[in-house]
Structures are given as structure tokens and as C-alpha cells.
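2 protein chains.
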Amino acid sequence: MQINGIPYRTIWLHPAQPNCVQIIDQRWLPHKLVIEDLNTLEDIATAIRDMHVRGAPLIGSAAAYGMYLALVNADRQSDWKNLLDNSAMTLMATRPTAVNLAFGIDKVMAVTGHLSEKEDLVKAALKAANQITEESVAHCYSIGTHGFVLIKDILRKKPKDNQTINILTHCNAGWLACIDYGTATSPIYLAHEQGVDVHVWVDETRPRNQGARITAYELLQHGIPHTIITDNTGGHLMQHGLVDMIIVGTDRTTRTGDVANKIGTYLKALAAYDNGVPFYVAAPSSSIDWNIRDGVAEIAIEERNAEEVKMIQGWDGKEIKQVLLTPQDSPAINYAFDVTPARLISGLITERGICEANELDLTAMFPEFRE
Amino acid sequence: MQINGIPYRTIWLHPAQPNCVQIIDQRWLPHKLVIEDLNTLEDIATAIRDMHVRGAPLIGSAAAYGMYLALVNADRQSDWKNLLDNSAMTLMATRPTAVNLAFGIDKVMAVTGHLSEKEDLVKAALKAANQITEESVAHCYSIGTHGFVLIKDILRKKPKDNQTINILTHCNAGWLACIDYGTATSPIYLAHEQGVDVHVWVDETRPRNQGARITAYELLQHGIPHTIITDNTGGHLMQHGLVDMIIVGTDRTTRTGDVANKIGTYLKALAAYDNGVPFYVAAPSSSIDWNIRDGVAEIAIEERNAEEVKMIQGWDGKEIKQVLLTPQDSPAINYAFDVTPARLISGLITERGICEANELDLTAMFPEFRE
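Chains as they are written, first to last, in our numbering: chain A, 109 to 479; chain B, 109 to 479.
Have a look at this one:
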């Protein structure tokens with residue numbers, strides 16, 4: 109999608125140096141557009157852990173490129189099995205909740221495990237990383253086309269004198285969380301392109317404000333009408349008929365349709381349910397963990413540094429500053445995700461189509477994962 | 109309650125200058141303790157509008173002292189009816205949602221309307237303002253004793269090896285929102301004083317962060333264990349059994365038990381209901397608007413400046429700084445309150461005792477308001 113009128117992706121190989129991966133370092137958005145060079149596995153691990161890149165699909169691609177860089181930089185005489193295992197472990201430790209991490213790593217492991225020559229390993233890993241990346245773009249686009257059908261359905265039922273579709277989203281499941289188009293935002297971009305009057309309520313999404321910083325930035329850059337709200341506001345808007353639908357992303361989806369997504373998603377789902385507002389999750393199949401059934405009981409929720417709650421970063425007019433929001437001596441805790449039970453979800457928008465959030469419907473759409 | 113070991117109230121007459129009202133200017137908490145002198149009606153109006161003072165009971169007292177200052181500063185030959193009406197209008201315009209504003213003003217109007225001599229008017233107004241203030245302290249204390257019974261009930265049902273009571277609160281309905289003790293915090297202070305092991309989950313409460321700034325500050329100063337969380341976090345905690353009860357305040361309560369409180373309260377009530385967590389509202393009768401029945405339809409929700417969402421204030425290590433959180437050109441909207449329907453509320457803790465959130469129970473406790 110576009111930034112300052114120029115089309116970008118979130119991750120790409122350096123055009124002149126194939127051993128370098130480039131990313132948009134998202135920590136400085138929306139105040140600065142910083143492109144970062146990543147040359148090693150450790151660079152990639154840091155970029156994922158410290159959220160230079162974030163968003164489930166983007167993390168998956170970054171991890172795959174991380175495996176590639178580990179191989180590129182390895183000695184020809186390496187113990188390849190050992191190296192691959194260690195690289196995978198390093199990457200897996202960066203963000204415990206996102207299933208896409210494992211997805212990206214496993215894809216590289218699957219195509220390299222039987223190889224023994226460095227050239228072959230490097231080539232296979234790069235091919236896999238590129239493939240995951242292109243597949244992710246294609247899946248996002250498909251999610252857009254399926255989600256757009258939902259938007260058109262809602263539009264048909266709206267009065268002729270009020271054809272603005274108000275869509276609320278939480279966190280950033282936009283193109284900056286993916287490679288391009290986004291998951292939750294893909295139907296929005298498509299609707300906008302097709303001339304539908306969409307307006308997005310952007311949850312700021314504390315503590316890291318991915319909504320206020322990143323979703324707002326990408327919508328603004330692409331010309332989509334939007335309004336930033338605090339995370340507390342969605343319930344009030346829904347009570348007053350100001351939200352036509354909610355679309356959020358997912359970091360991990362169970363085979364029963366429970367969804368682990370950014371902390372606070374569950375609260376919005378409760379309000380949507382209470383007010384009869386359709387609540388959809390844009391869930392590419394790469395986010396589905398087919399091994400688990402009970403999201404609340406089984407998904408490990410990442411606890412991040414409490415400083416992310418106590419401090420905040422913003423633009424003081426001259427530079428990016430960190431400020432303290434709380435008494436210095438008050439403790440804080442920082443859970444990064446929560447789990448929205450399937451019963452509150454109107455449907456999952458996958459790359460293959462829309463299905464209800466339950467095992468029967470999900471495995472009907474993905475029969476290869478039937479037990 | 110105590111700050112740096114010294115007992116304070118939030119508003120008081122200057123000990124040496126009876127024509128001056130002093131307050132803690134809460135805009136600088138927790139980073140600085142600033143005492144402000146208010147000498148005129150306009151000073152009071154500004155202090156309420158710009159939230160030097162905030163919290164429903166404190167606003168009620170401040171408004172009454174505002175009426176007093178208007179009279180103190182008036183010419184002896186004033187048209188008193190006109191002056192009182194204009195002063196009331198100025199004060200009423202400052203914060204549209206809080207019913208306590210009207211409560212404080214009406215009390216002064218009731219005792220001054222029939223008077224015509226400046227001395228008598230000033231004396232009556234001051235007496236009324238002092239009375240509202242002392243009554244508020246007494247009501248807060250009573251709410252504490254009634255709420256403490258609930259805490260003891262929960263304690264009895266907890267396993268003997270886990271006797272920590274985890275109470276979640278939203279915004280600041282603490283002593284800094286009142287005159288002393290607080291409403292929602294009063295049972296907590298009392299339980300702590302009685303040796304109960306209480307721990308408070310403090311919602312930061314965006315956009316103005318009254319939780320992270322003020323509730324955390326007062327709990328820290330008084331030695332109550334607490335942890336600051338983002339507003340997104342409560343649902344997750346409740347899903348995992350980490351919240352024993354919720355107590356919040358109210359800015360306006362309908363005679364049917366609907367509660368207008370800080371934006372986001374409704375979302376916490378939904379999560380409490382979904383997880384079987386008791387959800388109580390500390391509701392002094394001064395917060396009850398006996399004229400309305402449908403909170404969502406009838407309570408005007410204050411829309412504040414969008415800059416409060418886009419900017420945030422914090423401590424940069426040397427001074428208090430404002431920083432921008434969003435793209436400069438993205439719009440934001442700032443609703444200050446939402447309405448929690450009575451059906452989600454376990455009970456109202458009033459100064460007379462605890463009742464269910466419905467008209468029958470509420471008017472049984474306050475029979476003078478039966479129709």
C-alpha cells in the first residue's frame with residue numbers, strides 16, 4: 109500500500125544486497141518513516157522481540173527470513189540440523205503467542221531438513237521465505253474479497269440517506285501487520301477502492317498504541333476516513349448505533365474458533381454481542397493452531413515489560429520522547445493478548461471464504477485438518 | 109487521607125482568608141502536588157471545566173463554593189436572583205454529565221433564594237457549601253462500611269490459602285474525586301485498615317488516565333497494594349479468576365439503576381457479567397437523578413476536546429511534557445462517559461446501605477423519592 113504516494117511492502121530483500129533484509133521499523137511510526145537493514149538472525153530476532161516488526165503474518169515472514177539469514181551467515185562446515193534447531197529456538201522465544209512464528213519457521217525447516225550443502229540450504233530457505241510472503245499477500249487479498257461481500261450486505265440494509273459503513277477495528281491488523289493489504293483492513297481497502305463510503309473507528313490500543321500510531325497512519329496515508337478513539341469508547345458507540353461491524357485480526361485461532369488477539373479484543377466482542385453488532389475476525393489459515401481447542405485454557409498469553417504500560421512514547425514537536433504516566437513506584441502488569449471465545453464471534457474471514465467460528469465449519473473449509 | 113504522611117482533603121477554605129477556596133490542582137498528579145487558590149466564581153468554573161478538580165462529589169462541593177464566591181465578590185446592590193441564576197448557569201455549563209453539579213448548586217439556591225442582604229446570602233451559601241462537603245465525607249464513610257460487608261462476604265468464600273481480595277476499579281472514585289475516603293475506594297481503605305489483604309487492579313482510564321495518575325497515586329500514598337493495568341486488560345483478568353469484585357463510582361445514576369460513569373465502565377461491566385464477577389457501583393444519593401429512567405437514551409454524554417485523545421501528558425524526568433500519540437492529521441473523538449445498564453450491576457452501595465439496581469429497591473431505600 110502507499111506511504112507518501114509510494115507503494116511499499118513491510119519486508120523485502122535489499123535490491124542490491126541479497127544477504128540483507130529490509131523492513132519498516134514500526135517503532136517510530138507515525139512520527140518517522142525509518143527503513144532498517146537486518147543482516148543476521150539476531151537482527152531479525154531483535155526486530156521481532158522489540159517490535160520493529162509486529163503483526164502475526166509479518167512475524168511469520170520475518171521469522172522465515174531469519175532462518176534464511178542464519179544459513180547465509182553460517183560456516184560451510186556447520187552442523188546444519190543443530191544450526192536450524194538453534195535458530196528456530198531463538199526465533200520461537202521472541203513472541204510466545206503468535207502461531208505464525210512457528211508457521212514461518214516450520215515452512216523453512218520442512219524444505220531444508222534433508223539438505224546438506226550450504227548453497228542448497230540457502231536457496232531453499234530463501235524460496236520458502238519468499239513463498240510464505242507472496243502467499244500471505246495473496247491470502248490478504250482473498251480475505252479482502254470475502255470481507256467485502258459482508259460490507260455490501262450491510263450496505264444493502266442501511267437507509268438510503270445514510271450509506272456510510274462504520275467499521276471498528278482494534279490494534280493493527282492492517283497492511284503494516286502483514287506484507288500488503290492487511291487482514292482486517294483488506295475488506296476496508298477494497299470497499300474504499302470500489303467507491304463504498306467507509307469510515308473506520310480506530311481503537312488506540314494501549315499499551316503500545318498500534319491503533320493510534322499504525323492503523324491511523326496507514327489509513328491516513330491511503331486516504332481512508334477514520335477517527336481515533338480510546339479503547340474505552342467502542343461500547344458507547346455500539347450502544348448508540350454508531351458501529352455497523354467490527355473486524356479484527358488474530359494472533360492465534362483455535363480449531364474451535366476461539367481467537368487470541370491484542371488485549372482488549374474480548375471486551376469489544378462482548379459489547380458487539382450485547383448490541384447485535386456483527387463481530388468478524390480476519391483469520392488467514394496461517395493463524396490457526398489446529399492442535400488446540402480451548403483458547404482461554406490453552407493459549408499462553410505473553411506478558412510484556414510493565415514499562416510499556418508506565419511509559420509512553422510520543423512526539424514533543426521536535427523529537428520522539430518517552431514520558432512516565434504513573435507514579436514512579438506504582439507497579440504495572442502488561443498482558444499482550446486476550447482470548448475471545450468463539451461464541452462471541454459472528455464469523456471468521458479466511459482466505460478460502462467466511463465460516464462460522466466452530467470446529468465443524470472451520471474443518472469443512474479446511475478439510476485437510478479434519479481429524 | 110494521607111499524602112506524604114500528612115492528612116489532606118481535596119477542597120477547603122483558606123485558613124487565613126475566608127474568601128479564598130483552596131484545592132489540590134489534580135492536573136499535575138502524580139508528578140507534582142500543587143495547591144491552588146480560587147478566589148472567584150470564574151476560578152471555580154475553570155477549575156471544574158479544565159479538571160483541576162474532578163469526580164462527581166468533589167464537583168458538587170466545588171460548585172457550591174463557587175456560588176459562595178460569586179456572592180462574596182458581588183456588589184451589595186446586586187440583583188441577587190439574577191446573580192444566583194447567572195452563577196448557576198456558568199457552573200452548570202462546565203461539565204454536562206455530572207448530576208452533582210446541579211446538586212451542589214441547588215442546595216445553595218434553596219437556602220439563599222429568599223434572602224436579600226449580602227451578609228445573609230454569603231453566610232447561608234457558605235453554610236450550605238460546608239454542609240454538602242461534610243455530608244459528602246459522611247456519605248463516603250458510610251459507603252465504606254456497607255461496602256466492607258461485601259468484601260468480608262467474598263473473603264469468607266475464598267480458600268484459606270488465598271485470602272487476597274482483588275478489586276478492580278475504573279477511573280478515580282477515590283478520595284481525590286470526593287472530599288475524603290472516596291466512594292469506590294472507601295470500602296477498600298476500610299478493609300485495609302481492618303487488616304484485610306486487599307489488592308487493587310487500577311484501570312489506567314484513558315484518555316485522561318485518572319486511574320494511572322490519581323487512583324494509583326492515592327493508593328500508593330496510603331500504602332494499599334495495587335497494580336496499574338491498561339483499560340484493555342480487565343476482561344482477561346476476569347477470565348482467569350484474578351478479579352474478586354469490581355467497584356466503580358458513578359457520575360449520574362438513574363432512578364432505575366442505570367449508571368453513567370467514566371467511558372469504558374460499560375465494557376468492564378459486560379466482562380464482569382460474562383465471568384460471574386460481582387460488579388458494584390458506589391453511588392452516594394447525591395449522584396442519583398430521580399427524574400430519569402433510561403440512562404442510555406436520556407443521559408447527555410459530554411464530548412470533550414479530541415486533543416485529550418491525541419496528546420498525553422507525562423513526566424520526562426525533568427518536567428511535565430505533552431506529547432502527540434497519533435498522526436497529526438488523524439481526527440479523534442472524545443466521549444467522556446458511557447452508561448452501564450442496571451441489568452449488568454450487582455448492586456448499588458449507597459450511604460444508606462446496599463440495594464439492587466432497580467427502581468423498586470432504590471426507592472425502598474430512599475422512600476422520599478417514591479412517585
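Using N, Cα and C, we set each Cβ at its ideal position, and we do this for glycine too.
None of the values given here were measured: they were computed from a predicted structure.
Min CB distance residue i to chain B below 9 Å
i: Pro439 of chain A; result: yes
i: Phe445 of chain A; result: yes
i: His139 of chain A; result: yes
i: Asn413 of chain A; result: no
i: Leu375 of chain A; result: yes
i: Asp111 of chain A; result: According to the sequence displayed, residue 111 of chain A carries Ile and not Asp. No, Ile111 of chain A does not count as interfacial toward chain B.
i: Ile453 of chain A; result: no
i: Ile131 of chain A; result: no
i: Ile156 of chain A; result: no
i: Ile262 of chain A; result: no
Identified DSSP bridge partners for residue i
i: Leu192 of chain B; result: Beta-bridge pairing links Leu192 of chain B to no other residue.
i: Asn274 of chain A; result: A:His307
i: Trp120 of chain A; result: A:Gln130
i: Thr448 of chain B; result: B:Val367
i: Trp423 of chain B; result: A:Leu432, B:Ile428
i: Met200 of chain B; result: DSSP, once it has assigned bridges, lists no residue as partnering Met200 of chain B.
i: Glu144 of chain A; result: A:Ile131
i: Asp397 of chain B; result: B:Thr362
i: Gln565 of chain B; result: Nothing can be reported for residue 565 of chain B, as the shown portion of chain B is limited to 109 through 479.
i: Glu411 of chain B; result: B:Tyr443
Terminal residues of the alpha helix (DSSP H) in which residue i lies
i: Cys248 of chain B; result: 226-265
i: Asp151 of chain A; result: 149-157
i: Gly168 of chain A; result: 164-180
i: Met346 of chain A; result: 342-347
i: Met473 of chain B; result: 467-473
i: Ile296 of chain B; result: 294-301
i: Gly403 of chain B; result: 403-406
i: Leu327 of chain B; result: 324-330
Chain A contact for residue i (CB, 9 Å cutoff)
i: Asp366 of chain B; result: no
i: Met353 of chain B; result: no
i: Ile167 of chain B; result: no
i: Tyr417 of chain B; result: In the sequence under discussion, the amino acid at residue 417 of chain B is Val, which differs from the Tyr named in the question. True, the Cβ-Cβ gap to chain A drops below 9 Å.
i: Tyr297 of chain B; result: no
i: Asn442 of chain B; result: yes
i: Gly372 of chain B; result: yes
i: Ile287 of chain B; result: no
i: Ile457 of chain B; result: no
i: Ile114 of chain B; result: no
Beta-carbon separation (whole angstroms), residue i vs residue j, contact threshold 8 Å
i: Val304 of chain A; j: Ile259 of chain A; result: 6 Å
i: Ser195 of chain A; j: Ile119 of chain A; result: About 17 Å; that fails the 8 Å criterion.
i: Thr198 of chain B; j: Leu149 of chain B; result: 6 Å
i: Arg203 of chain A; j: Glu410 of chain A; result: 6 Å
i: Thr471 of chain B; j: Tyr374 of chain B; result: About 24 Å; that fails the 8 Å criterion.
i: Phe474 of chain A; j: Ser393 of chain A; result: 6 Å
i: Ile487 of chain A; j: Val310 of chain A; result: Given that chain A is displayed from residue 109 to residue 479, the structure contains no residue 487 of chain A and the question cannot be resolved.
i: His300 of chain B; j: Ile251 of chain B; result: Not a contact, Cβ separation roughly 15 Å.
i: His278 of chain A; j: Val367 of chain A; result: With a Cβ gap of about 11 Å, His278 of chain A and Val367 of chain A do not count as contacting.
i: Ala232 of chain A; j: Val219 of chain A; result: 5 Å
First and last residue of the uninterrupted beta strand (DSSP E) at residue i
i: Val216 of chain A; result: Where Val216 of chain A is concerned, there is no enclosing beta strand (DSSP E), although the alpha helix (DSSP H) it sits in stretches over 207-220.
i: Thr373 of chain A; result: Taken as a continuous stretch (DSSP letters only), Thr373 of chain A belongs to no beta strand (DSSP E), being part of the alpha helix (DSSP H) at 373-383.
i: Val389 of chain A; result: 387-390
i: Val356 of chain B; result: 353-356
i: Ile462 of chain A; result: 461-463
i: Thr458 of chain B; result: 455-458
i: Thr335 of chain B; result: 334-337
Chain-ordered neighbours of residue i on chain D, where CB pairs are closer than 9 Å
i: Val207 of chain A; result: Looking at the structure shown, chain D is missing, and the protein chains on hand are A and B.
Inset, instruction - Mind checking the segment 333-349 of chain A against chain B and listing, in chain order, the residues whose C-beta falls within less than 7 Å of any C-beta there? - result: His334, Thr335, Ile336, Ile337, Thr338, Asp339, Asn340, Thr341, Gly343, His344, Gln347
Legend entry - Contact residues within the segment 422-434 of chain B, judged by C-beta distance below 9 Å to chain A: Taking 9 Å as the Cβ-Cβ cut-off against chain A, the residues of the segment 422-434 of chain B that qualify are Gly422, Trp423, Asp424, Gly425, Ile428, Lys429, Gln430, Val431, Leu432, Leu433, Thr434.
Inset, instruction - Output, in sequence order along the chain, the residues in the segment 264-283 of chain A whose CB is closer than 9 Å to any CB in chain B. - result: His278
Inset, instruction - Scan the segment 305-318 of chain A for residues whose Cβ lies nearer than 9 Å to a Cβ of chain B and list them as they occur along the chain. - result: Hits within the stretch, in order: Trp309, Val310, Asp311, Glu312, Thr313, Arg314, Pro315, Asn317.
Inset, instruction - Output, in sequence order along the chain, the residues in the segment 318-330 of chain B whose CB is closer than 8 Å to any CB in chain A. - result: Sequence-ordered contacts of the segment 318-330 of chain B with chain A read Ala320, Arg321, Ala324, Tyr325, Leu327, Leu328 [C-beta pairs closer than 8 Å].
Inset, instruction - Please name the residues in the segment 378-398 of chain B whose beta-carbon is closer than 9 Å to at least one beta-carbon of chain A, in chain order. - result: So the close ones are Leu378, Ala379, Tyr381, Asp382.
Legend entry - Contacting positions in the segment 227-258 of chain B - beta carbon closer than 7 Å to chain A: none
Inset, instruction - Could you run through the segment 398-409 of chain A and flag, in chain order, every residue whose CB is less than 9 Å away from some CB of chain B? - result: Val404, Ile409
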